[in-house]
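Student: In numbering that gives the first Met the number 0, the protein residues as written are 0 to 112.
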Amino acid sequence: MSNLWLGLNILWETALLAWLAIAVALALWVLLMGVALRRGGNWRGGLRVAALAALGVAVVAFFVLPGATQSSLAEMGYWVDWVSLAGLALACGAVIAAYAWPIGAMACGRKPA
0 MSNLWLGLNI LWETALLAWL AIAVALALWV LLMGVALRRG GNWRGGLRVA ALAALGVAVV
60 AFFVLPGATQ SSLAEMGYWV DWVSLAGLAL ACGAVIAAYA WPIGAMACGR KPA
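(1) To the nearest angstrom, how far is the alpha carbon of G76 from that of Q69?
(2) Nearest by alpha-carbon distance to I21: which of W42, N41, P101, V94 is it?
(3) What number of angstroms, rounded off, separates the C-alpha of A91 from the C-alpha of M105?
(4) If we count Cβ pairs, one from each stretch, closer than 8 Å, do we get three or more for the stretch 6–22 versus the stretch 76–85?
(5) Should G33 be labelled buried (16 or more other beta-carbon atoms within 10 Å of its own) or exposed?
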């Protein structure tokens, strides 16, 4: 339990360092959602677009992230390393999905009645 608590504390402290970027990203997402809701986009079609974009970004992030930290896949020795890498790649994909969904919904047009 203490490892989980330590991880949450590290996440919180990291978020405190980047609170302005997080606030701007959240405001942009809320704006995109509001515009997409107002235009009445096709949310199901947008979800397909978001899922494809998220999958692509997650796969690319899985292979790029170790190099971004001056490491490599060859240096991944423990299962915890692989789980952490997969989690970070999935988080990158989730962020992209959150932005791609309203954009995709607007691009797919209105759902036919």
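We put the CB at the ideal spot given by N, CA and C, even for glycine.
Tutor: Inspection of the coordinates gives the following:
(1) In this structure, the CA atom of G76 is about 15 Å from the CA atom of Q69.
(2) Of the residues W42, N41, P101, V94, the one whose Cα lies closest to the Cα of I21 is V94.
(3) Per the sequence shown, the amino acid found at residue 91 is Cys instead of Ala. So the two alpha carbons sit approximately 22 Å from each other.
(4) Touching, no, given that fewer than three Cβ pairs across the two stretches are closer than 8 Å.
(5) Burial is judged here by how many other beta carbons sit within 10 angstroms of a residue's own beta carbon; G33 has fewer than 16 and is exposed.
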